[in-house]
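Notes follow the structure.
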Amino acid sequence: MENPKKINIADLKTFLKFLDFLNEGIIVIDENKIVNYANKYAENLLGVKEPEGQHFSEVIKNNYLYSIVSHKYNEDIYQTEIIIDSKKFLVKVYNIDNKKFVHLTDITPFEVYKQAKKDFVSNVSHELKTPIAVLKGAIETLDQEEKDKDKKRFISMALKRINQMDTLINDLLIIARLESKEDKVVKTQIDLKRFINDVYEDLSHLTKEKNINFKNNIKENSIIYGDEQKLSILFKNLIENAIKYNKDNGVVEVNSFENGKYIVVEVKDTGIGIPKKALPLIFERFYRVDKSRSRSVGGTGLGLSIVKHITEAHKGKVEVDSKLGEGSSFKVYLPKQ
Ligand SMILES: Nc1ncnc2c1ncn2[C@@H]1O[C@H](COP(=O)(O)OP(=O)(O)O)[C@@H](O)[C@H]1O
Ligand SMILES: [Mg+2]
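Its first residue numbered 1, the sequence shown is counted upward by one per residue in UniProt numbering.
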């Protein structure tokens with residue numbers, strides 16, 4: 001088929017002028033590793049003038065960029081991020097007709113924006129933590145001492161709301177800590193059965209209200225390697241969900257098995273289930289299938305995003321299976337080492 005795009009030499013010259021206006025770098029390298037073209041932005045970035053005709057090793061002095069460009073790729077498009085002159089660049093290498101088209105975009109502004117957003121959430125959460133703790137303590141004291149029925153009604157309303165705020169701030173602080181640069185996964189050997197029992201211990205008050213039957217099916221002496229503090233937040237969230245979104249007299253069970261290089265820990269419930277179309281969304285921050293239900297059971301919509309974050313920090317993955325009205329299963333894959 002004939003190419004429907006009409007372009008002649010004069011147009012091409014105009015097009016090259018246009019490329020010089022771009023705020024992005026473009027470099028074209030042929031199969032003999034000769035630079036065929038670099039736009040103005042690329043020239044400035046590389047600190048060269050009219051590099052056309054030179055071998056690319058003469059032109060690209062930045063070691064990272066050089067190794068990216070000299071690498072042989074099987075795929076048509078390869079992309080990565082690199083730092084040049086303390087700026088972060090997205091580098092895309094397109095392999096077209098035996099030539100390499102290198103496209104460089106400065107993504108520093110996005111990084112600055114992302115960091116500012118994280119810092120803001122972290123600062124606000126830290127600032128709110130203490131006043132909320134003080135308010136919570138005061139309202140709890142009032143709640144214990146007040147005898148008047150009407151006043152007590154208002155106090156319990158306030159207590160419920162302050163508890164919601166407290167949960168939200170705690171979840172936001174967990175996220176801020178997980179996202180901070182200093183945060184690291186510190187792995188130790190963990191006895192899985194005991195560990196799950198300990199996590200459950202903190203949640204057992206929830207099971208009493210709904211008469212939930214909790215089964216820890218993990219075999220004795222099963223070992224995992226992971227960050228105990230982080231994994232305890234992870235499994236607390238999964239087991240809490242399995243209880244909160246369960247039916248009265250339902251079952252929550254925890255199983256574990258091996259799968260290739262992973263130990264899989266499954267938290268399974270006989271609860272309300274999750275609609276199919278919601279499954280890809282539940283790990284998003286603040287996503288809740290039923291906002292009012294989640295709120296009434298004290299949820300923030302952050303739990304599963306924390307679960308995903310911690311699993312990925314362990315170089316693992318998390319999968320969910322669910323049948324509406326029958327129950328859900330969350331499987332956490334953790335590398336054996
Ligand atoms: N075990 C489960 N059974 C049914 N629905 C669940 C389960 N776990 C999570 N969900 C759904 O996914 C949403 C997101 O979960 P999560 O991030 O923990 O937030 P929440 O604070 O609302 O519990 C919940 O609001 C709920 O709708
Ligand atoms: Mg939750």
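Glycine residues also receive a C-beta, built at the ideal position from the N, C-alpha and C atoms.
Enumerated in chain order, which unbroken segments of the alpha helix (DSSP H) with a length of 4 residues or greater are wholly contained in the stretch 256–335?
If we require 4 residues or more, the alpha helix (DSSP H) runs fully inside the stretch 256–335 come out as 291–296, 303–313.
CA-CA distance, residue 220 and residue 193?
As a working mapping, residue 220 is identified with position 220 in the sequence shown. As a working mapping, residue 193 is identified with position 193 in the sequence shown. Their backbone Cα atoms lie some 6 Å apart in a straight line.
Using a Cβ-based criterion (distance less than 8 Å to any ligand heavy atom), does residue 282 qualify as near ligand 1?
By 1-based counting over the sequence shown, the position of residue 282 is 282. It does: the Cβ of residue 282 is within 8 Å (strictly closer) of some heavy atom of ligand 1.
Suppose only complete runs of 3+ residues qualify. What are the beta strand (DSSP E) ranges in the stretch 5–62, listed by chain order?
Listed in chain order, they are 25–29, 35–38.
Please name the residue in 278, 160, 118, 125 whose C-alpha comes closest to that of residue 137.
Within the sequence shown, the letter at position 137 stands for residue 137. The shortest Cα separation from residue 137 among 278, 160, 118, 125 belongs to 160.
What are the partner residues of residue 94, as DSSP defines its beta bridges?
One-based indexing of the sequence shown puts residue 94 at position 94. According to DSSP, residue 94 bridges with 77, 101.
Going straight from the alpha carbon of residue 184 to that of residue 230, what length do you get?
What you label residue 184 is simply residue 184 of the sequence shown in a count that begins at 1. What you label residue 230 is simply residue 230 of the sequence shown in a count that begins at 1. If you take the alpha carbons of residue 184 and residue 230, they lie about 10 Å apart.
Just list the residues that DSSP pairs residue 337 with in beta bridges.
In the sequence shown, counting from the first residue as 1, residue 337 sits at position 337. DSSP output for residue 337 lists no bridge partner at all.
Are the Cβ atoms of residue 243 and residue 207 separated by less than 9 Å?
Taking the sequence shown and counting its residues from 1, one reaches residue 243 at position 243. Taking the sequence shown and counting its residues from 1, one reaches residue 207 at position 207. Against a cut-off of 9 Å, the Cβ pair of residue 207 and residue 243 comes out as a contact.
Identify whether residue 253 lies in helix, strand or coil by the three-state DSSP scheme.
Here residue 253 refers to the residue found at position 253 of the sequence shown. Strand at residue 253.
Measuring only the C-alpha atoms, how far is residue 167 from residue 98?
In the sequence shown, the residue the question calls residue 167 occupies position 167. In the sequence shown, the residue the question calls residue 98 occupies position 98. The alpha-carbon atoms of residue 167 and residue 98 are separated by roughly 57 Å.
Where does residue 202 sit, in a helix, a strand or coil, going by DSSP?
Residue 202 sits at position 202 when you count from the first residue of the sequence shown. Reduced to three states, the DSSP call for residue 202 is coil.
Measuring CA to CA, which of 284, 119, 291 is closest to residue 181?
The residue labelled residue 181 in the question sits at position 181 within the sequence shown. That would be 119, whose Cα lies nearest to the Cα of residue 181.
Report the option in 85, 170, 86, 142 whose CA atom is closest to the CA atom of residue 124.
The count along the sequence shown starts at 1 and reaches residue 124 at position 124. If we check each option's Cα against that of residue 124, 170 comes out closest.
Counting only the same chain and skipping the five closest in sequence on each side, list residues whose C-beta sits under 7 Å from that of residue 284.
Here residue 284 corresponds to residue number 284 of the sequence shown, with the count starting at 1. Around residue 284: 305.
Grab the span of the alpha helix (DSSP H) containing residue 183 for me, first residue to last.
Here the question's residue 183 lines up with position 183 in the sequence shown. No alpha helix (DSSP H) holds residue 183; DSSP gives it neither H nor E.
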